[in-house]
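Colleague: Residue numbers (the numbering used here), protein chains in the order written: chain A, 1 to 519; chain B, 1001 to 1093; chain C, 2001 to 2292.
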Amino acid sequence: MAINAVGRDIPSHIEGYGDTTNRLFAGAFARIPEGNRDGGKIRAHGPKENGKLLSGIREAIAASGLKSGMTVSFHHHLRNGDYVVGQVIDACAEMGIRDLTLFPTALFGVHKAIIPHIKSGVIRRIMGSVNGPIGQLVSEGGMEVPVVLRSHGGRPRAVVSGDVHIDVAFIAAPTADRAGNISGREGKSACGAIGYAFTDAQYADCVVAITDNLQPYPIAPISIPGIYVDYVVQVESIGDPAGIVSGTTRVTRDPLRLLIAKYASKLIEASPYFMDGISFQTGAGGIPLAVTAYMKEAMMRHDIRASFGLGGITGYFVELLREGLVEKLMDVQSFDLDAVKSIATDPRHIEISADWYANPWNCGAAVNSLDVVILGATEVDTDFNANVNTEADGALLHGTGGHQDTAAGAKLTIIAQPLLRGRIPCVTDRVHSVTTPGEVVDAIVTEFGVTINPRRQDLIDACKEAKGKDAVPLVPIDELYARARKMSGPMEPVAQGDRIIGVIEWRDGTVIDVVRQLA
Amino acid sequence: MNEPATTHVAQAGTLESMDCLVSITGAGARAIEISGSSAARFKGAIEKKIGEVLDTLSAKPVKVTVQDNGAIDVVLGARVEAAYRRFERGPSA
Amino acid sequence: MRRTMLYLPGNNPNMLTRGYLFGSDGLILDLEDAVAVSEKDTARILVRDILRRGEFGSCEVTVRINGVDTDLWRDDLAAIIPCKIDGIRAPKIESPQTVRDLDEELSRIEAASGIEVGHTKIFCLLETAFGVWNAYDIAKSSPRVAAIIPGGEDLAADLRTNRSAEGTELEWVRRMLIIAARAAGVDALDTVFPRVADDDGLRREVEFIKSLGYDGKSVIHPNQIPIIHDVYTPTEKEVETAKKIIQAAKDAAERGLGAVSVDGRMVDVPVVKRAEFTLVRAGVLPEQEKGR
């Protein structure tokens, strides 16, 4: 056992994960990479080779050389509408392939269909987010090997550095041609950006594109070029459009969320970053979207233009782009129909890969240029450490997403949350598990006001400068914690055993925390 | 020896957010059953509050069932008292 | 200040515990229309316990009780008055006698609970034509009366009309009540604006009642609060003028002068009072306890 830099006891060896001695979290920017990048197998598809087009998923699995014990990867751009993970794993099971490592960029509720394959041993290990029923299964000890959780930037880092080697990448392709050129912009299963699939295409030993919209060669525009793609399979459907994109995203009218958003917006306005050229990421949650709405008003009032909006893009951001309040959008994932339409037609709406978005080990990810990010969390503690992975009862139910990366990159990282969800406090003395360390979290915003990390005295001063209508109600962290505790009453500890069922990596590949099996 | 024939169930509260639904029925000894979002981390606190409210009302032995959706103590206490008073008024109430 | 008094449904724990965070000047914990007849008992206990907990920030705390025409109002008062609240909002007040009945019951409970007799104010809802007709007498009927408030839906029905977007049916009622309130020395507070998504309509209505002289408005949804406060908040220019007036009056008093003028306008006592009031509304001066 050894204590890492956020005070967590990490065993020196974790069964099914490996030694952690040189892999303890030591600080947000402590680990420096050495050596060369990893790479996939060199392939040569010459002019005399047969075409890439295969008749079905089973044929593609056979051609890829996938065997028991290998690692398969998937992207999550089809979100809760995805059919591809299920189709591929079903086929593997039918073909007698077992002990696979599943390496998705994220899993959704729809993927509960693979639970029987976990129980039967087709899937032995998951490296990626586990949500809903799969998370519950894992938390209760339903997998022998611990789940490894990585951020959106930590995942491509793990691939590029060789921590994870992908044997076969299966890429759901809303549009593809016979040469394996891929785009997410068009087709009945259009999802807009396919940023999470890029690194897998570049680094896997074998890449299979699965499409329900095969178009004449060459398609245009192309997101992932066919030079990375070994095989193309046409299927009837890769997903359910209703689960892939939501309709138009609307800003909440829930008064509590609006109040929190208003306070967050006041904090941003009082900060030194609120000026021409500001950049921000707000995602698709209710509170962050409302912050965007308030910021829009403030930007118009002060005649300010933002340089770019980053991350998962919604129709609300597209509206800001069209109205000239934001100059560019850098889109790794398009959340709704308006975003899908925009990325297909507007050159200022730029598609970026997960590597480009958030990888700490390249020559500068987009998050490094970010001024402000609004995030959520299950809980935050008095050291400002944030937990987004485990729920109040200790179950591992959420992926890390871009939380770590944007928090590390942005100049102002805001966690905006109601102080209590029901009786459960969102501010505690010690989070159950640490996803993101307090050293990269600048402020917590609740319905009681704005709580600034004491290491950001500059922000505290800036907020105190704001007067009258722009005044920012400041609440010290100790007072916020006391208030939460008074309302909720004392919490009993999570009932858990010793066995580790999940390893939470910081974006640089060090272990920031572990998750134990529920008792 | 004879149990009173108070087999009816009285309820108070809702399943809305930050509320709870409390059901009370006659029993040989005081019993408490809790389910819902707070149960994992607040079972002891919930039991304590229910006990306090019933003691204040000098309640006879009852079984209290709480379906919780995030009620804080003040709300829980009000629901238990309301349910108990309804229980006391009898099945016609 | 009573620019905004927010109704909180009496059987809704979420709003009862968090409602004060929305920054209204006052709260009305509602045992009447917001509570189904079958839940009057549970709401009364819940509201009582929330009042005992007493976390309401700096809000003035009132409870809307059930009408004196029901058999609920005495139990309501018995439960809530010992919690020492700022006031009750009494529905369907039609005559001075109703207020005196309430006054008597309040005094009895206050005395029994060790609360200073007269502490609990009465906010009178005038929801019938008869009540509106008697507005001045009602406002004068007890020193407890803090405000008179026109009804909305009920009053429209009693007038044999409907509520319109323009508020035509309430226009004369509003004009009449402001005069009655001022004559009796109580506040005039307006009824709620029911169309919660119509921000522009709300703003127009608040501008109208403010121009009549109303002290504020009842609020049905938290999102209405910032809009109403915005209308009631003096502009920077108004604040500057008010500061000048108060300074000039102070100088004049120090030098033993009578009336002075600011920007060519005579500064007499009423003008100074208006200026002070402007600064209170702007948050520049602290609010003084209203003497009666």
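Yeah, the Cβ is synthetic: ideal placement off N, Cα and C, and Gly gets one too. Bear in mind that the values here come from a model prediction, so they are computed numbers and not experimental data.
(1) Establish whether the CB of residue 499 of chain A and some CB of chain B are separated by less than 8 Å.
(2) Could you pull out every residue in the same chain whose Cβ sits closer than 7 Å to the Cβ of residue 454 of chain A, ignoring the five residues on either side in sequence?
(3) Just checking: is the beta-carbon of residue 1085 of chain B within a distance shorter than 8 Å of some beta-carbon in chain F?
(4) When Cβ atoms are compared, which residues of the stretch 1009-1021 of chain B fall closer than 8 Å to chain C?
(5) Using a Cβ-Cβ cutoff of 8 Å, what residues of the stretch 1060-1077 of chain B are near chain C? List them in chain order.
(6) What's the C-alpha gap between residue 1010 of chain B and residue 2080 of chain C?
(7) Assess contact between the stretch 2118-2135 of chain C and the stretch 2101-2110 of chain C, defined as three or more Cβ pairs (one per stretch) separated by less than 8 Å. Is contact present?
(8) Whole angstroms is fine: what's the gap from residue 2024 of chain C's alpha carbon to residue 2222 of chain C's?
(9) Express the C-alpha separation of residue 297 of chain A and residue 520 of chain A in angstroms, rounding to a whole number.
(10) Under 9 Å, CB to CB, which of the residues in the stretch 425-450 of chain A have a partner in chain C?
(11) With a floor of 4 residues, list each alpha helix (DSSP H) that falls wholly inside the stretch 109-180 of chain A, ordered by position along the chain.
(12) Hey, would you say residue 200 of chain A sits closer than 8 Å to residue 1041 of chain B, going by beta carbons?
(13) On the DSSP bridge list, what partners appear for residue 496 of chain A?
(14) For residue 263 of chain A and residue 444 of chain A, what's the separation of their Cα atoms in angstroms?
(15) Please classify residue 21 of chain A as buried or exposed, where buried requires at least 16 neighbouring CB atoms within 10 angstroms.
(16) Does residue 2017 of chain C get closer than 8 Å to chain B when you measure Cβ to Cβ?
(17) If you pair each beta-carbon of the stretch 93-105 of chain A with each one of the stretch 220-237 of chain A, do three or more pairs fall below 8 Å?
(18) Verify the CB distance criterion: does residue 1082 of chain B have a CB-CB separation below 8 Å to chain C?
(19) Considering residue 1063 of chain B, what are the terminal residues of the beta strand (DSSP E) in which it resides?
(20) Tell me, please, whether the stretch 503-513 of chain A touches the stretch 471-490 of chain A by the rule of three or more beta-carbon pairs shorter than 8 Å.
(21) Would you kindly report the start and end of the unbroken alpha helix (DSSP H) that includes residue 2005 of chain C?
(22) For residue 1033 of chain B, I'd like the list of residues in its chain whose CB is within less than 8 Å of its CB, leaving aside the five on either flank, ordered along the chain.
(23) Helix, strand or coil: which one does DSSP assign to residue 2254 of chain C?
(24) Taking residue 1086 of chain B as part of the alpha helix (DSSP H), name the residues at either end of that continuous run.
(25) Within the 8 Å Cβ cut-off, does residue 2286 of chain C reach chain A?
(26) Identify, in the order they occur along the chain, each residue of the same chain with its Cβ nearer than 6 Å to the Cβ of residue 2035 of chain C, setting aside the five sequence neighbours on each side.
(27) Could you check which residue in A:432, A:168 and A:452 has the C-alpha nearest to that of residue 495 of chain A?
(28) What do you reckon, is the C-beta of residue 2246 of chain C under 7 Å from a heavy atom of the ligand PLP?
(29) Looking at the structure shown, is residue 507 of chain A part of a helix, part of a strand, or coil, going by DSSP?
(30) Quick check: the stretch 357-368 of chain A against the stretch 200-217 of chain A, are there 3 or more CB pairs under 8 Å?
(31) Are the C-beta atoms of residue 1044 of chain B and some chain A residue less than 8 Å apart?
(32) If contact means a Cβ-Cβ distance below 8 Å, which residues of the stretch 390-419 of chain A contact chain B?
(33) Where does the unbroken alpha helix (DSSP H) through residue 2203 of chain C begin, and where does it stop?
(34) From residue 2220 of chain C to residue 345 of chain A, what distance separates their C-alpha atoms?
(35) Let me check understanding here. Comparing Cα to Cα, which of A:195, A:268 and A:370 lies closest to residue 74 of chain A?
(36) Should residue 129 of chain A and residue 400 of chain A be called a contact, given that it needs their Cβ atoms to be closer than 8 Å?
Modeller: This is what the structure holds:
(1) no
(2) none
(3) Protein chains A, B and C are contained in the structure displayed, whereas chain F is not.
(4) 1012, 1013, 1014, 1016, 1017, 1018 and 1019
(5) 1071, 1072, 1074, 1075 and 1077
(6) 24 Å
(7) yes
(8) 8 Å
(9) Residue 520 of chain A lies beyond the residue range present for chain A, which begins at 1 and ends at 519; the question has no answer from this structure.
(10) 447 and 448
(11) 115-119, 132-139 and 154-161
(12) no
(13) A:518
(14) 10 Å
(15) exposed
(16) yes
(17) no
(18) yes
(19) 1062-1068
(20) no
(21) From DSSP, residue 2005 of chain C is part of no alpha helix (DSSP H) but of the beta strand (DSSP E) over 2004-2009.
(22) 1063, 1064, 1065 and 1066
(23) helix
(24) 1073-1089
(25) no
(26) 2010, 2011 and 2043
(27) A:432
(28) As far as ligands go, the structure on display features none, and thus does not contain the ligand PLP.
(29) coil
(30) no
(31) yes
(32) 392, 393 and 394
(33) 2199-2212
(34) 44 Å
(35) A:195
(36) yes
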